[in-house]
Structures are given as C-alpha cells and as structure tokens.
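Enquirer: My questions all concern the structure below.
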Amino acid sequence: MFTRFMESKDCGGCGYFNLDFSLGMPGRRVDRVIRITTSYLAKPSTSQRDQYILFNEIIMHLFFLHISSAIAMGIVQYLQVVLFVFNLTLSTEAQKKVTCQNFKFAIDDDVIHNQILEGHLFKRLTVPNAIQCHLKCKDDCLCVSMNYFPLSKENNCELNEANKDMEPAAMKYRQGGNYYDLVRSYTVKGGDRYTPEKHHCINRCCGTNPCLNGGVCQEICDTHSIRFNCTCPNTYSGQRCEKKMKHPRSCKDIAKNGASTSGKYDISNSDNERFSVYCDLQSEPGFVWTLIQSFSFSKKNAFNYAGFGKNLEIDIEEKEVNWNEFRLSLLQMQYLANHSTHLRATCNFSTDGLQYTDYARAKLAGHDIFGTWDTCQMYEYVNIRGIYCSNCTARTKQKENKSWHIMSYDSVQFGCEFDGKQGGVSGEKNFGKFDENFINPDHRCSFSPASTTEHWFGAKCDE
1 MFTRFMESKD CGGCGYFNLD FSLGMPGRRV DRVIRITTSY LAKPSTSQRD
51 QYILFNEIIM HLFFLHISSA IAMGIVQYLQ VVLFVFNLTL STEAQKKVTC
101 QNFKFAIDDD VIHNQILEGH LFKRLTVPNA IQCHLKCKDD CLCVSMNYFP
151 LSKENNCELN EANKDMEPAA MKYRQGGNYY DLVRSYTVKG GDRYTPEKHH
201 CINRCCGTNP CLNGGVCQEI CDTHSIRFNC TCPNTYSGQR CEKKMKHPRS
251 CKDIAKNGAS TSGKYDISNS DNERFSVYCD LQSEPGFVWT LIQSFSFSKK
301 NAFNYAGFGK NLEIDIEEKE VNWNEFRLSL LQMQYLANHS THLRATCNFS
351 TDGLQYTDYA RAKLAGHDIF GTWDTCQMYE YVNIRGIYCS NCTARTKQKE
401 NKSWHIMSYD SVQFGCEFDG KQGGVSGEKN FGKFDENFIN PDHRCSFSPA
451 STTEHWFGAK CDE
C-alpha cells in the first residue's frame, strides 16, 4: 500500500470522508477503483482527540472490509491509496462564521530532501510511513513542521515547534532526512476566505488548555506560524508558559528569559526588592528599553521643575502605565541606570509607536544623567521636527529644578553640531521643560495637550 496524497478539512465534529482505492499492479493499467463514502456525527463537545479516534476506527473497519472483498475476488496484489479526503463540518450557535482548517500532504511535492530543521524538536516518534508522521503533526497543536527519516526503523518521525519560515537558519543538510511543512490554509464555513481582521480564529488548539501556570491561550490561524499562543504571567515564558524566569534584574533579563511582548514586568534590585517596570521589548531592533518617565503636555508643569536627580515618584504601582503621569523613584532610576547603556527620548509612544521624527538616543556614559549641566551632549542619533544628525552634539540642559531637555533652536549658537533653527521657535525646548512662551507645535511632543513625552533607559540585546 502506498499513500501519496492526503487532504483534510477540519471545521469541527460532524462530517464525511471519501476513500478512493486503485487496484492493480503499480505501473500497469488500473483494473478497478473502489470508492468508500461514509458519514458520521460527533457531539459538538467531543474532543479533537476522541474525534480522531472515532475517525481512525471507521477507517480501519472499512479498510479491512474492502481489502477482504478485493482479495476474495483475486485481483489485489498491490493496493495504492491515491486520494484521501476527510471533511469535517462543525455547527455552532455562538460563532456563525466558523473557521475551517484545510490540511494538505503530498508526499512527493511538499518535501525538501536531505534537509531537516534542527534545534526545534519537541517530540520523536516511530511511525510506519510519512503519512503517519504528518498525522501525528496535524494532531498536535505544537507541531508546525516535521522531519522524516524513511530509511530508519525507529525514531524516524520528528515533530518541530517551528518551521523553515520562522527559523530559516535552522535548516541543515542531513543525508537521508526529509523535511515537511505542515501545509494548511484557512477558510470560513460557506467558502469565504479567512481574514484575521474580519473573522475570529477557531482551530480548537485551545480546547485542551495547553497553556501552563495560568497562561491564557489564543488560537492563531496563520499558515506560516504557530497554531496557538499563550499570554504568560510575568514570571513565566515559553510557548506554553513552561519556563520559569530566573530572578530578572532588568528588562534585558526579562527578554533573555524568553519574553517578547512589551508590557509591565516585575524585576528585583540589588537588595532583592521587587518593583514594577514597563519594558519595551519590540519597538527597536537590537535594543531593550525601560520606561523611566512619561507625561502629557497638559501635565507638563508637574515635570518641568524636576531634573532626573530629583526624586519625583508618580503612579508607579498601577497595573497599567499612565502615560499622562508616570515616573519611577530616584532610587529605581539610579538602579536601572547601572544596568543600562543608553538613554532615549520619544514622543507619543503609546499612540504612535516608535517614530524616528522627534527622537533622541545617546549613550549614558559621559552623560551624567543625574547631574546638573548645560553642555553640547553627544548623541548617536537626534531628530527634531525632521531635522536630524548622527553621532553629533546637541545643546542639552538639566538643573535640579529644571527637567532634562534639548535646546534645538540655540544649539549651533551654543557651539554644538545639531542645527534646529530652521522651522524653530526662539528659546524652544524639546523633550522637556516646556515653557508657554516658547512652544513649537511642530514638535510632536508639544503638538497638543494630549501629546506625550517619554524617557527611557536601555541596552543592546547582545551586550
């Protein structure tokens, strides 16, 4: 028996399937085709595993029934399964537009010979053929690709939690090994094409609650990615929240422990005292950032007269960051500065994300962030109102009773390299110390009362 092609459509618990058998010697005329058609109904509450058990029992019963008949007729020497269709359709009251998973496996078409995916194996199995390896992958929601070794009798099927699209560098040469993606597509019951913006994803991967340690499961209908995601508590990471984080001391440690979503996390200082910080783990490739201060233009007066060397602790115990009024304590900022290499200033981060217009980044070394000064400060990159320079100096000022800010209009006159005079306002200040008489609405941080200014400490991921 040779299985060459399998296609299945999974929308839930009731359905039908067809089996077409070609009878005859390989390479010769087909003597007879037998089609088996049957249908069944599983209760909507029937688990995915139990549905597959039911399905396999029906398959085996009909398979042996027709094999016996064929042998009795004396016409079967070789049996080749040329088409296999398994169609499931789910009816549910809660979701009118049901998402259908369409799986396809073509043993000769979907293979990459003599290559495997390394480093992402989560289960190794012994199976009789590649089709069975595919079925094992399809039935396990962690699996998105497989390595199959046709010449090996044991441990010849490897299930992977990643694929070549997610981890292209993990593809390696292996003589005798074959790589297969779990080929799938998604439609909506009725034939409409599935689109994430319009339809709710249902693939039943969260039905068995795969997330551990209080993680919250979300099903994902992406043809080239994982099939579910777990939102983990702050102290756990991993696809199933199976990894306990090791006493993170910074946002960089949070990232090293496997977290990849920006948000509030708990870290511990040198005295093992825990406090909450907002970690930006996503916006800037190669960097991890910790928010130390955020305020709206309408709240500027509460921040205008406090340099970073002054203690001004605001709203740090809330579960969510108040982007209009937030600042860590002086002790917390001093601790974070000792675990950081860079300073960053942004505008409207919570609404616009990271924008490189009205943005500044400098190394902390030599910046004396908690001191008082008025100097030409070196920046890796500074952009104010679309005027920018790299590895250049800009006039920067901080006093105990005046917040950290860049004076863009007067920068060149002061002897610095950055020239923000074009389009500027005389006496203009940026990223802080906003004075009513010197406001430039072209600066994104001072465009409207709702505009926000953020300051961050950060570090490169690989340092």
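In terms of UniProt numbering, the sequence shown has 131 at position 131, counting the first letter as 1, and numbering is strictly consecutive.
We put the beta carbon where it would ideally sit given N, CA and C, even for glycine.
1. By the DSSP assignment, the alpha helix (DSSP H) with residue 251 in it spans what residues?
2. Indicate the three-state DSSP secondary structure (helix, strand or coil) for residue 222 in the structure shown.
3. Is residue 68 buried or exposed, if buried means 16 or more other CB atoms sit within 10 Å of its CB?
4. Reducing DSSP to helix, strand and coil, say where residue 413 ends up.
5. In or out: residue 338 buried (at least 16 other Cβ within 10 Å) or exposed?
6. What does residue 398 pair with, by DSSP beta-bridge criteria?
7. For residue 136, which residues from the same chain have a beta carbon less than 7 Å from its beta carbon, with the 5 sequence-adjacent residues on both sides left out?
8. For residue 340, which residues from the same chain have a beta carbon less than 8 Å from its beta carbon, with the 5 sequence-adjacent residues on both sides left out?
9. Put residue 139 into one of helix, strand or coil per three-state DSSP.
10. So, residue 384 versus residue 397, is the Cβ gap smaller than 9 Å?
11. Going by CA-CA distance only, name the one from 455, 164, 309 and 275 that's closest to residue 182.
12. Please report how far the alpha carbon of residue 343 lies from the alpha carbon of residue 412, in whole angstroms.
13. Which two residues bound the contiguous beta strand (DSSP E) that contains residue 359?
14. Here's a check: name, in chain order, each residue in its chain whose Cβ is nearer than 7 Å to the Cβ of residue 284, leaving out the five neighbours to either side.
15. Any heavy atom of the ligand MG closer than 8 Å to the beta-carbon of residue 359?
16. If you count every other CB in all the chains shown that lies within 10 Å of the CB of residue 161, and 16 or more means buried, which is it?
17. If you measure between the beta carbons of residue 134 and residue 194, is that distance less than 9 Å?
18. Taking the C-alpha atoms as reference points, what is the distance between residue 420 and residue 395?
19. For a test of the three-state rule: what should DSSP assign to residue 175, helix, strand or coil?
20. With a threshold of 16 other CB atoms inside 10 Å of the CB of residue 177, please say whether the residue is buried or exposed.
21. Go through its chain and collect everything with a Cβ distance to residue 327's Cβ below 6 Å, but skip five positions before and after it.
22. What are the residues that DSSP puts in a beta bridge with residue 113?
23. Touch check for the segment 447–454 and the segment 364–383: three-plus C-beta pairs under 8 Å?
24. If residue 226 sits next to residue 239, beta carbons under 8 Å apart, how far is it from one beta carbon to the other, in whole angstroms?
25. Give me the Cα-Cα distance between residue 301 and residue 362, rounded to the nearest whole angstrom.
26. Taking residue 269 as the reference, which of 334, 282 and 209 has the closest Cα?
27. With distances taken from CA atoms, which of 399, 360 and 184 is nearest residue 387?
28. Hey, could you find the ends of the beta strand (DSSP E) residue 494 is sitting in?
29. Tell me the rounded alpha-carbon separation between residue 221 and residue 143.
30. Strictly by DSSP, which residues pair up with residue 384?
Expert: With the given structure in hand:
1. 251–256
2. coil
3. Reliability of the predicted coordinates at residue 68 is poor, the pLDDT of 43 falling under 50, and the value obtained from them is presented with this limitation in mind. Result: exposed.
4. coil
5. exposed
6. 373
7. 125, 127, 157 and 159
8. 250, 290, 364, 457, 458 and 459
9. helix
10. no
11. 164
12. 22 Å
13. 359–363
14. 354
15. Here there are no bound small molecules, and the ligand MG is not part of this structure.
16. buried
17. no
18. 10 Å
19. strand
20. buried
21. 293, 312 and 314
22. 178
23. no
24. 7 Å
25. 25 Å
26. 334
27. 360
28. The shown model of the chain, from 1 to 463, leaves out residue 494, and the question about it has no answer.
29. 14 Å
30. 387
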